[in-house]
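Be aware that the sequence shown starts at 45, since it is given in my numbering, and climbs by one per residue. C-beta atoms are modelled at their ideal positions from N, C-alpha and C, and glycine is treated no differently. Contents: one structure, followed by commentary.
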Amino acid sequence: MTHTIRKAVFPVAGLGTRFLPATKAVPKEMLTVVDKPVIQYIVDEAREAGIEHFIFVTGRNKGVIEDHFDMAYELEATLKSRNKTAELELLGAQLPMAGSTSFTRQQAPLGLGHAIWCARDIIGDEPFAVLLPDMIMRSKKGCLAQMLEVFRATGDNVIAVEECEPDMAHQYGIVGVGEARGKAFEITQMVEKPAKGTAPSNFYISGRYVLQPEIFKFLAMQEKGAGGEIQLTDAMLKLMSRQKFWGMKYEGETFDTGSKIGFLAANVAYGLSRPELSDGFRAEIERLLRKA
Ligand code: G1P
45 MTHTIRKAVF
55 PVAGLGTRFL
65 PATKAVPKEM
75 LTVVDKPVIQ
85 YIVDEAREAG
95 IEHFIFVTGR
105 NKGVIEDHFD
115 MAYELEATLK
125 SRNKTAELEL
135 LGAQLPMAGS
145 TSFTRQQAPL
155 GLGHAIWCAR
165 DIIGDEPFAV
175 LLPDMIMRSK
185 KGCLAQMLEV
195 FRATGDNVIA
205 VEECEPDMAH
215 QYGIVGVGEA
225 RGKAFEITQM
235 VEKPAKGTAP
245 SNFYISGRYV
255 LQPEIFKFLA
265 MQEKGAGGEI
275 QLTDAMLKLM
285 SRQKFWGMKY
295 EGETFDTGSK
305 IGFLAANVAY
315 GLSRPELSDG
325 FRAEIERLLR
335 KA
């Protein structure tokens with residue numbers, strides 16, 4: 045069994061209806077937090093954790109994501125001729141190595157489990173990571189890097205979890221809490237979008253997974269779950285009868301950019317933390333707060 049994670053899947057086929065009209069022609073993953081598209085934060089987290097191959101499960105109208113992770117030859121030639129070295133360096137630093145990205149399409153919106161299953165051939169027979177693009181995780185050591193510590197110690201499946209208010213549990217996948225091991229615990233139960241008052245705990249699955257390739261056997265069954273969708277949580281629950289799952293208590297901040305409040309909060313937090321913006325931005329926020 046290998047204890048290295050080389051590949052990560054980014055399911056980016058979602059329609060982004062919550063952000064219409066912005067997402068009519070622009071994928072929601074390309075909306076910007078300060079000056080970087082949301083998906084760039086997620087890919088950077090994966091890269092920082094040592095991921096070598098970035099697999100995007102896309103859909104119609106998502107072509108610009110592929111362009112974003114390609115070299116912009118004409119733009120770079122123009123920047124070079126104008127001696128714009130800082131901008132060139134910026135573009136160079138975010139460019140994935142040639143051959144290290146793959147794009148495949150989820151042809152119909154059948155659920156997260158189905159999206160991950162679409163990556164099965166590109167993953168092959170090795171453990172891999174999944175990063176949901178809505179969640180920007182801000183922490184000193186990235187969330188996936190934190191999870192890989194648990195993975196290297198156990199060799200099992202690892203899911204990042206965080207605590208939510210009990211009355212919010214019905215919006216998430218929720219896990220049952222077993223024996224602790226450092227900052228992780230053994231997962232005893234999993235349920236996607238539990239009915240109010242039935243959640244096994246208030247630890248929710250927060251959008252980062254390290255999974256063994258056996259998950260694809262269960263995803264292949266394509267059984268529908270919560271919301272009539274093929275759910276990753278249901279396939280993980282089935283795999284749990286054969287393999288261990290650890291919940292890793294993520295240490296850091298999370299911005300759910302799939303919600304408007306989370307998206308705006310991410311812009312404020314990242315804006316304030318940029319040295320060249322923080323003073324002016326803080327003054328502007330304070331002025332607006334005084335007026336509000
Ligand atoms: C998905 C997962 C859920 C998880 C959530 C985190 O749900 O299915 O288990 O808790 O992401 O954001 P979605 O937000 O797509 O409904």
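Expected contact under 8 Å - CB spacing of residue i and residue j to nearest Å
i, j, result
"E223", "Y294", "E223 to Y294, Cβ: 19 Å. No contact."
"F54", "I83", "7 Å"
"G186", "E120", "Incorrect: roughly 28 Å between the Cβ atoms, too far for contact."
"I109", "M74", "6 Å"
Status (buried if at least 16 other CB within 10 Å, exposed otherwise) for residue i
i, result
"D178", "buried"
"L176", "buried"
"M212", "exposed"
"M181", "buried"
"N127", "exposed"
"Y117", "exposed"
"T102", "buried"
"I305", "exposed"
"K51", "buried"
"P81", "buried"
"D339", "Nothing in the structure corresponds to residue 339, since the chain is present only between 45 and 336."
"T129", "exposed"
"L64", "exposed"
"S285", "exposed"
"I329", "exposed"
"G60", "buried"
"S245", "buried"
"L255", "buried"
"A336", "exposed"
"L184", "According to the sequence shown, residue 184 is Lys rather than Leu. So K184 counts as exposed."
Beta-carbon proximity of residue i to residue j, cut-off 9 Å
i, j, result
"L276", "Y253", "yes"
"A163", "M191", "no"
"E193", "K288", "no"
"Y314", "V77", "yes"
"G220", "T232", "yes"
"R62", "P140", "no"
"G291", "A204", "yes"
"E236", "G217", "yes"
"P257", "I166", "no"
"Q150", "A57", "yes"
"G269", "G155", "yes"
"T145", "F113", "yes"
"R274", "P171", "The sequence given here places Ile at residue 274; Arg does not occur at that position. No, they are not a contact pair."
"A93", "A189", "yes"
Contact set for residue i: own chain, Cβ-Cβ below 6 Å, skip 5 residues either direction
i, result
"A279", "G157, I259, F262, L263"
"R196", "H47"
"K282", "F262"
"A310", "V77, I180, F299, T301"
Residue-level contact to chain D via CB, residue i, 9 Å cutoff
i, result
"L154", "Annotation note: the requested chain D is absent from the structure, which comprises a single protein chain."
Same chain, Cβ closer than 8 Å to residue i, neighbours up to 5 away in sequence not counted
i, result
"R326", "L316"
"A69", "N105"
"L132", "E120, L123, K124"
"W161", "F260, L263, A264, Q266, I274"
Beta-carbon proximity list for residue i, same chain, < 7 Å, skipping 5 on both sides
i, result
"Q39", "Outside the displayed range of the chain (45 to 336) lies residue 39, so it cannot be described from this structure."
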